[in-house]
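Remarks on the structure that follows.
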């Protein structure tokens, strides 16, 4: 079996022929080189994992950690990322809170029950945005009218952040997620500006609390009675605001594009909306872009994977999207089965660093799809699937636009 030292490194991230297709290399890598050498946009070398079992192991094995990515010998993602994204002020502040302690304090606000209680409001908001898109007229860009504004409005409401500032969030988010465009100075300036903005907001909440997550965190404490630090509150607001809109916005568009690219999928859901929940899970598994760049881990001890031993000091990139197409883990892995169950995909990761906000993302996706099917049953692509374009050079790869008609 090929080992990572036997082949020259691939340039990563891998590209694909069209926006909705996976990279052509995935199947070959899983079969012949599941532990592959890659070169990141920074020029640093790392190791790519593409098999389901390997990725699941890497994300949950204590011999690999996210915290280790702050070490000086860890690979850097982008050229402007001299200190590493996991050594940024925001990441350091969250690490200082203690990962398990932080998740306990924040995670209570992202339970499935709490998100279910928010769903009617999400559906109402989706209906209002779709109504405005219909007033605009067909064709329209679903990204501009629905996919981007809805998650921003939802997370702003949860955090108590003025929705009018969403363009600033978009600019900061683009800087943090871009792997090629920005210099170190530009990235550091974005971190400072975003931290200053969130710091002012935290102090405003301290003076006049509201019924929002930041206000509740300000008033709360861990089981030992210790409140979250000011730096931790600022970093929490930043992290949730970024994570709460960027990936969900991208996936709303991708989800809709996948369903409309083969219209029999859309028609099946129009006829049977009870499939929405399972369909969302299958679309999360199937989409080659949903997990974006993949999750990075630092290897603290030599670790054996199916393609060989990965030595201590290596940075690995766990491609959840490639793992979600692993033929050894899924029957008909390359086919979209809207009724697939069970569906233990890795789109949100697994283990101690799995996505904290996955109940929120799932609820938003189900709400949006439910309302779209009801309000626009004749929805269709206004261009061919091969004409759709992605934003390249980002840790996530959302669609630039999604022209639709009805």
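Residue numbers (the working numbering): -14 to 391.
Glycine is no exception: its CB is placed at the ideal position from the N, C-alpha and C atoms.
Treat the numbers as computed from the prediction; the structure is a model and nothing was measured.
If we ignore side chains and look at the alpha-carbon of each, how far apart do residue i and residue j end up?
i, j, result
"residue 242", "residue 385", "12 Å"
"residue 86", "residue 234", "28 Å"
"residue 283", "residue 60", "9 Å"
"residue 302", "residue 120", "44 Å"
"residue 251", "residue 244", "5 Å"
"residue 26", "residue 304", "16 Å"
"residue 126", "residue 99", "31 Å"
"residue 309", "residue 321", "12 Å"
"residue 30", "residue 17", "20 Å"
"residue 193", "residue 215", "16 Å"
"residue -13", "residue 292", "Here the model assigns residue -13 a pLDDT of 42, short of 50, so the residue's position is not dependable, and the following value carries that caveat. If I take the Cα positions, the gap works out to 7 Å."
"residue 75", "residue 248", "43 Å"
"residue 47", "residue 150", "39 Å"
"residue 136", "residue 154", "12 Å"
"residue 134", "residue 152", "10 Å"
"residue 124", "residue 262", "28 Å"
Does the beta-carbon of residue i have 16 or more other beta-carbons within 10 angstroms, so that it is buried, or is it exposed?
i, result
"residue 272", "buried"
"residue 57", "exposed"
"residue 187", "buried"
"residue 231", "buried"
"residue 181", "exposed"
"residue 106", "exposed"
"residue 19", "buried"
"residue -10", "Note on residue -10: pLDDT 48, under 50, position unreliable in the model; no value is reported."
"residue 195", "exposed"
"residue 160", "buried"
"residue 0", "exposed"
"residue 311", "buried"
"residue 209", "exposed"
"residue 217", "buried"
"residue 352", "buried"
"residue 81", "exposed"
"residue 344", "buried"
"residue 177", "exposed"
So, residue i versus residue j, is the Cβ gap smaller than 9 Å?
i, j, result
"residue 144", "residue 110", "no"
"residue 197", "residue 158", "no"
"residue 115", "residue 269", "no"
"residue 199", "residue 222", "yes"
"residue 212", "residue 220", "no"
"residue -4", "residue 32", "no"
"residue 226", "residue 146", "yes"
"residue 387", "residue 132", "yes"
"residue 77", "residue 55", "yes"
"residue 36", "residue 333", "no"
"residue 104", "residue 258", "no"
"residue 21", "residue -6", "yes"
"residue 350", "residue 236", "yes"
"residue 254", "residue 5", "no"
"residue 337", "residue 88", "yes"
"residue 354", "residue 240", "yes"
"residue 394", "residue 79", "The displayed coordinates of the chain run from -14 to 391. Any statement about residue 394 would go beyond what the structure contains."
"residue 281", "residue 51", "yes"
"residue 246", "residue 366", "yes"
"residue 331", "residue 40", "yes"
List the endpoints of the continuous alpha helix (DSSP H) containing residue i.
i, result
"residue 117", "97 to 121"
"residue 193", "Looking at the DSSP string, residue 193 is not in any alpha helix (DSSP H), and its letter there is neither H nor E."
"residue 231", "231 to 246"
"residue 349", "343 to 360"
"residue 11", "10 to 17"
"residue 201", "198 to 204"
"residue 141", "134 to 144"
"residue 74", "74 to 82"
"residue 266", "261 to 271"
"residue 216", "215 to 228"
Identify the residues that DSSP records as bridge partners of residue i: which are they?
i, result
"residue 290", "293"
"residue 388", "126"
"residue 365", "390"
"residue 23", "-5 and 31"
"residue 300", "283"
"residue 49", "284"
"residue 375", "384"
Residue range of the beta strand (DSSP E) that residue i falls in?
i, result
"residue 308", "Premise fails: residue 308 lies in the alpha helix (DSSP H), 305 to 308, not in any beta strand (DSSP E)."
"residue 280", "280 to 284"
Taking 9 Å as the threshold (beta carbon to beta carbon), is residue i in contact with chain E?
i, result
"residue 60", "Protein chains in the displayed structure number just one, and chain E is not present."
Between residue i and the ligand ADP, is there a pair consisting of the residue's CB and a ligand heavy atom that are separated by less than 8 Å?
i, result
"residue 32", "For the ligand ADP, the structure offers nothing, since it holds no ligand at all."
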